[in-house]
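Asks: Taken in sequence, the protein lines are chains W and U.
Note that the numbering used here has the first sequence beginning at 363, numbered continuously upward.
Note that the numbering used here has the second sequence beginning at 31, numbered continuously upward.
We put the beta carbon where it would ideally sit given N, CA and C, even for glycine.
Encoded as structure tokens, here's the structure I'll be asking about.
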Amino acid sequence: MAADPAAAPGRPTDSTHHGRRVVIAWLVLSAIATPLVAIYVGPHIPPGNASVQAEGQTFDNQVMTAFVTPVLCLMAVFFGYGLILFRARRSETILDGPPIRDDPRIRLLWIVITSAMVLFLAGFGTYELLKDGAGGGQGPNPIAQPAGYRSAFQVQVVGQQWQFTYRYPSLGGMESNSLLLPANTLVELHITSLDVVHSFWAVELGLKADANPGVDNVVYVKTKKPTTFHVRCAELCGLWHGYMFNNGRVVSSAQFASWAAQEQKIYASIKPFMDKSPADGGAPYAHTYLPEPTRRAG
Amino acid sequence: MTMTEAAAAPSPPLWRRLLGFNLLTAIVLGVGGWYIGWYGAHKIVAPSLDYFGDIDYNELSVYFAYIGGVLGFLVGLGFLNYPVRRLLGYPPSLREKETAGWTRYFGLCTDHKVVGIQYLWGIGLFFFIGGLNAMLIRTELLSPHHQAFPAGTYLTIVGIHGTMMMGIMTSGILGPFANYLIPIMIGARRMAFPRIEALTFWLLMAAGAVLTTTVFFGGFPTGWTGYAPLATESNPGLDNYVIFFALVGLSMTLLGLNMIATILTMRAPGLTWTRLPIFVWGVLSTAVLMVLAAPVLIATLGMVALDRTAQTTFFIPAAGGSNYLYENLFWIFGHPEVYVLALPGFAIVLELLPVFARKPLWGYRLAVAGLLGVSLLSWFVWQHHLFVSGINGDLRGFYMLSTELISIPTGLTFLCGMMTLWRGNIRFTVPMLFVLAWFFNFLIGGLSGVFLSDVPSDVTTHGSFFSMAHFHYTIMGGLVFTFFAAIYYWVPKMTGWQLNERLGKIHFWSMFLFFNLTFAPLFAVGFLGQPRRTPVYPNGLQFLNDWVSISAFCLGASMLVFLFNLVWSLAFVKKPAGANPWASRSIEFQLPSPVPVHNFDRIPVFSGDPYGYGEGPIPSLVPAGSPAGRE
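Structural data, given as structure tokens:
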């Protein structure tokens, strides 16, 4: 379209309802895309359904993905439409657009919609968090406790440069380098560290809790079916941080009992040294497993 | 005074000109100061070996050496001349090197335009070093198990990349562009504190040298966050990290103070708050964050230095300290810091959109509210970095809310930008392409931030490649893209020469494409369980990682296109840009290119904001017949 230089400075105004077109296209696209994303993409977002907490996170991710889809649609429609229709046509002179400086209705609408979305997401996230702790480390006095937490099976996770040790207080303080958990059980993990800050990340179970020296960081997990999962350190902890990983397993109660009996036998041979104080020739680290995971007020 | 006499006199021989207060002297005195500090600290430490430990690498000597080095460097540049002259009763020289030729770029210069260009090249140098480290990181991650670098070297590379980018690039836009443009945009002839302005630049350069030389002291294994107690037990290379960030913090504080003072006190007549270019508002909101956040960092690093040298135990849990104290203090600085990186990007987007959409900035007051709102809210969100740390769990709901609230003022920036485009006459020039890319990148960065701000979702993504992809989308996609937009937009004004349009477009499209190909897959990598800063990862993630690495190399190559364009256009082609290559209404484009030394012959009088596209001709800045500075 060749512009008439005499018609400058303004671009010819058109009476097309651009705004109405964009809004309708956005609503249609969102109405189609949002359910598709929520149903077909959402459930496949990690961490999956290996534990109740992981399932909760996946649901959370599903809801949020459904929430951001209309936002993405709006941007796609707006920029797709605007950049094509409002592009500068070839012309000798640079034409100015209409000098629109404000529109109180759009302003109000935008603020109300973004505020409502934000408040909903924050409320939803808080509800999901308080339901069962969502698999995150809560410190020594957890407030988000799942039902039946008083009878939870306890495991202490001790981080050090550069490995995790798992300690089972209810099995005579037995220690192991591999993490086995009984299936369909509420487990209360107590994460601590002997040296620097680590972070215990059981990827498929949807658990993450920093291991701080001298701090008992509690995290709950309700296991489901037998499965395997990866454990990684997620906080930079020095030279071999990248190598601080191993595998864990959720097994049936019977398998867990037989494994525990076997481990306890191995552990019994070194236990006498562990219980001695360092001054009496015991292993020095045996007494540094503080804090002892004792039940605290919620 | 003496300067004009010297200019009139015949030029002395080269060897004579090299003696004096310039970069060469500064480097010589810097190295000398370094050795004096090193030697002095050994003299202090030697009598008490048991207390300070290994004589070869005692921490105190590293600190003293670098403090001596930086002081020598600043003395060599001539930063003490002014105070010493005043103390001795000589008349003050208010300006330094404001009329000389190219040598003014290699020394203390109080011309804000020279400092801006110094910043551009200095920051470019360290951005390049940081970028090379990113290439090395991706080289290591080509294979899940095979090691390209030893474990310690890899962590040092990660640390230098992160620290360099977070430290030096903090001034990425305020350094070059705010220093150059703020006095012009507000109708002033200089910054409020020109000598301090120069000091911020040379402190930053000294800081960059300190961080780069960490390799001579074994590097540091902590990444840019420097978490205690790992930092306390690290090798002496960590002292370089501490000194680097303290110098950067000092530079940031002074830069911010200078900006605030300039904007508050030196605006030309008629330039009311609602007539300020939005870039000035962006700089002001950023400067406030800098001034309030950086001192926290300096104090924290002082405590780290004391922990490492004087055996205090601020951050050592085993001796009564607390690593949470460090984490709190660091992120009280660290979260405003990331908005120090993001906000100038917002401002550049809003500043450039009206020029290339040929429309007034939509919702000026709303845009200002957005910038100030982000600036304010960024103080109340820092514990979202500690959601799974086991620190007070009761507050997580609050921090979730406050973090998500930031999307409201950020959304205002989006709204104002989008409504400015609406019904405009959009010209797809190179700066505009970078600005439009900001919308895409920051949208992805912001929406992924919603996942990280939500505690249940954050449990999986925290500390993983997901969060790494998120902040690269916001910082690289938000800051670096607008940094390039600003370069393509203002460098013709600063140098007087055009940048090649075709090479610029090749640069843009390759950078935009490979940036997204690099960082988008990392969201998936993070969700699938790859933590940050690890040289090894599960075999199943090799395809994605290789994809990312190859894209990252192409992304690095796209920067070479830019570098070639810069050198080619500015050193060889030298096509004159003209005063107003973009047909902008902004005041800097009403001045000749490059801007003359004292900016304005007469102080302009403003009668409106610079966004009146479609509202008639540009009003004259100096009304005929009216005396300068009066309406």
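(1) Nearest to tyrosine 402 of chain W by alpha carbon, out of W/Asp465, W/Val425, W/His380?
(2) State buried or exposed for isoleucine 147 of chain U, treating a residue as buried only when at least 16 other CB atoms are found within 10 Å of its CB.
(3) So glycine 561 of chain W contacts chain U; which residues on that side make the cut at Cβ distance below 9 angstroms?
(4) Taking the beta carbon of tyrosine 647 of chain W as the centre, do at least 16 other beta carbons fall within 10 Å, making it buried, or is it exposed?
(5) What does DSSP give as the partner residue(s) for leucine 543 of chain W in the beta ladder?
(6) Kindly indicate the opening and closing residues of the alpha helix (DSSP H) around glycine 556 of chain U.
(7) From the beta carbon of methionine 430 of chain U, is the nearest beta carbon of chain W less than 7 angstroms away?
(8) In the DSSP assignment, the beta strand (DSSP E) including lysine 584 of chain W goes from what residue to what residue?
(9) Using the C-alpha atoms, what's the distance from glycine 238 of chain U back to serine 91 of chain U?
(10) Buried or exposed: which applies to serine 631 of chain W, given that a residue is buried once 16 or more other Cβ atoms fall within 10 Å of its Cβ?
(11) Are any of the Cβ atoms in chain U nearer than 7 angstroms to that of alanine 368 of chain W?
(12) Counting only beta-carbon separations shorter than 7 angstroms, does isoleucine 386 of chain W have a partner in chain U?
(13) Could you spell out the range, first to last residue, of the beta strand (DSSP E) harbouring methionine 536 of chain W?
(14) For the segment 310–319 of chain U and the segment 357–364 of chain U, state whether three or more C-beta atom pairs, one from each stretch, are separated by less than 8 angstroms.
(15) Tell me which residues share the same chain as tryptophan 602 of chain W and place their Cβ nearer than 6 angstroms to its Cβ, disregarding the 5 neighbours each side in the sequence.
(16) Determine the chain W residues that contact tyrosine 69 of chain U at a beta-carbon separation under 7 angstroms, and present them in chain order.
(17) Under 7 angstroms between C-beta atoms, does aspartate 494 of chain W make it to chain U?
(18) Please compile the residues from chain U whose C-beta is within a distance smaller than 8 angstroms of the C-beta of serine 477 of chain W.
(19) If threonine 440 of chain U and alanine 397 of chain U are in contact, beta carbons under 8 angstroms, what's the gap, nearest whole angstrom?
(20) Which residue wins for smallest C-alpha separation from glycine 608 of chain U, given the options U/Gln620, U/Leu380, U/Gly279?
(21) Can you tell me whether proline 206 of chain U is helix, strand or coil according to DSSP?
(22) Specify the secondary structure class of valine 635 of chain U as computed by DSSP and reduced to three states.
(23) Quickly, what does DSSP pair threonine 527 of chain W with across the bridge? List them, please.
(24) CB-CB under 7 angstroms to threonine 243 of chain U, same chain, minus the five flanking residues each way: which ones, in chain order?
(25) With a floor of 4 residues, list each alpha helix (DSSP H) that falls wholly inside the segment 373–402 of chain U, ordered by position along the chain.
(26) Helix, strand or coil, according to DSSP, for glutamate 566 of chain W in the structure here?
(27) Across the segment 439–447 of chain W and the segment 448–457 of chain U, are there enough close Cβ pairs to call them in contact, namely three or more that are closer than 8 angstroms?
(28) Report, in whole angstroms, the separation of the C-beta atoms of valine 370 of chain U and leucine 319 of chain U, which I expect to be a contact under 8 angstroms.
(29) Let me confirm a value: aspartate 631 of chain U is counted as buried when at least 16 other C-beta atoms fall within 10 Å, else exposed. Which label applies?
(30) Identify every residue that forms a DSSP beta bridge with isoleucine 456 of chain U.
(31) How many angstroms separate the CA atom of leucine 402 of chain U from the CA atom of valine 326 of chain U?
(32) Run through DSSP, which three-state label would valine 418 of chain U get?
(33) May I have a chain-ordered list of the alpha helix (DSSP H) segments no shorter than 4 residues that lie completely inside the segment 125–174 of chain U?
(34) Beta-carbon of aspartate 662 of chain U versus every beta-carbon of chain W: anything under 7 angstroms?
(35) When you compare each of U/Ala467, U/Leu593, U/Val385 to glycine 507 of chain U by their alpha carbons, which one comes out closest?
(36) Can glycine 568 of chain W and proline 409 of chain W be called in contact, C-beta distance under 7 angstroms?
Replies: Result, derived from the coordinates:
(1) W/Val425
(2) buried
(3) Correcting the residue identity first, residue 561 of chain W is serine in this sequence and not glycine. Under the 9 angstroms cutoff, chain U gives Val418, Ser419, His492, Gly493, Pro561.
(4) Confidence in tyrosine 647 of chain W is poor, its pLDDT being 45 and thus under 50, which makes the residue's placement unreliable; the coordinate value appears in the next sentence. So tyrosine 647 of chain W ends up on the exposed side.
(5) W/Val612
(6) 531–557
(7) yes
(8) 579–584
(9) 19 angstroms
(10) exposed
(11) Caution is warranted here: a pLDDT of 37 is assigned to alanine 368 of chain W, below 50, making its placement in the model unreliable, and no coordinate value can be reported.
(12) no
(13) 536–538
(14) no
(15) Trp524
(16) Result: empty, since nearest Cβ-Cβ is about 31 angstroms, beyond 7 angstroms.
(17) no
(18) Ile438
(19) Actually they are not in contact, since the Cβ atoms of threonine 440 of chain U and alanine 397 of chain U sit about 11 angstroms apart, beyond 8 angstroms.
(20) U/Gln620
(21) helix
(22) coil
(23) W/Val520
(24) Asn270
(25) none
(26) coil
(27) yes
(28) 5 angstroms
(29) exposed
(30) W/Arg449
(31) 21 angstroms
(32) coil
(33) 142–170
(34) In the structure as shown, chain U begins at 31 and stops at 661. Residue 662 of chain U is therefore absent and cannot be evaluated.
(35) U/Ala467
(36) yes
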